[in-house]
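To get my numbering, take the position in the sequence shown, counting from 1, and add 30. Cβ atoms here follow ideal geometry from the backbone N, Cα and C, with glycine treated the same way. For clarity, every value in this text was computed on a predicted model and none was experimentally measured.
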Amino acid sequence: MRIGELAAKARVNPKTIRYYEDIGLLPAPPRTSTGYRQYADSDVERLEFILSAHSLGLALAEIKEILAFRDRGTYPCPYVLALIDTKVREIEARIEGLRRLTNDLKRLRKAAAAIPQEEIAAKARFCHIIENQQLLKLRERPLASSKRMPKTAL
Numbered sequence: 031m032r033i034g035e036l037a038a039k040a041r042v043n044p045k046t047i048r049y050y051e052d053i054g055l056l057p058a059p060p061r062t063s064t065g066y067r068q069y070a071d072s073d074v075e076r077l078e079f080i081l082s083a084h085s086l087g088l089a090l091a092e093i094k095e096i097l098a099f100r101d102r103g104t105y106p107c108p109y110v111l112a113l114i115d116t117k118v119r120e121i122e123a124r125i126e127g128l129r130r131l132t133n134d135l136k137r138l139r140k141a142a143a144a145i146p147q148e149e150i151a152a153k154a155r156f157c158h159i160i161e162n163q164q165l166l167k168l169r170e171r172p173l174a175s176s177k178r179m180p181k182t183a184l
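In structure tokens form, the structure reads like this:
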């Protein structure tokens, strides 16, 4: 099958297939005498695996390593389990960071609502909510930090 057929079966753009070939996720297929790429059913299976792994949040480099295990005849699932554990920890850390950011934004919103807008609108160059140094302290704390900002800062 040609690249267009493979792309249709996998529901991807042919450029994606070429890119995956360029970075080594898909092997370079044999070509016809007229230069067209000629794909096999195994290429469909490999491409579908790549797409499934990518949809789970695995980076293309990680997927390439999984495929390399398989290509060497080595069972890749222990490596995949370690990747999954790492991804879960990363996602949990991002969720916690987003929870903190949500709480910070809610506190910022509450503090900003308590300030009379009309009185300070003329004094602010852009927006007093962002310019105010007390309110900016929220921004100084790294998102992933476990330190809590004292409520008195607002």
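Cβ shell of residue i (< 8 Å), same chain only, five flanking positions each side left out
i: Gln68; result: Met31, Arg32, Pro59, Pro60, Arg61, Thr62
i: Asn43; result: Ala37
Distance between beta carbons of residue j and residue i, contact taken as under 8 Å
i: Leu55; j: Ile93; result: 6 Å
i: Ala154; j: Glu161; result: 6 Å
i: Ile121; j: Leu138; result: Contact flag wrong, Cβ pair sits at about 25 Å.
Own chain, CB closer than 6 Å to residue i, minus 5 neighbours either side, in chain order
i: Tyr50; result: Leu56
Proximity winner among the options, relative to residue i (alpha-carbon distances)
i: Arg41; options: Arg129, Leu97, Leu81, Ala154; result: Leu81
i: Ile53; options: Ala89, Lys39, Tyr66, Ile125; result: Ala89
i: Tyr76; options: Arg100, Gly65, Tyr66, Ala91; result: In the sequence as displayed, the identity of residue 76 is Arg instead of Tyr. It is Arg100.
i: Tyr66; options: Phe79, Ser85, Glu35, Thr46; result: Glu35
i: Ala112; options: Ile159, Asp134, Glu95; result: Glu95
Terminal residues of the alpha helix (DSSP H) in which residue i lies
i: Ile160; result: 158-161
Residues near residue i by beta carbon distance below 7 Å, same chain, minus five either side
i: Lys181; result: Confidence is the limiting factor: at Lys181 the pLDDT is only 42, short of 50, which leaves the residue's position unreliable, though a coordinate-based value still follows. For Lys181, where only same-chain residues beyond five positions count, there are no Cβ hits under 7 Å.
Alpha helix (DSSP H) runs wholly inside the region 38-108, at least 4 long, in chain order: 44-52, 71-85, 90-101
Within the region 105-138, ranges of the beta strand (DSSP E) (whole runs, at least 3 residues): none
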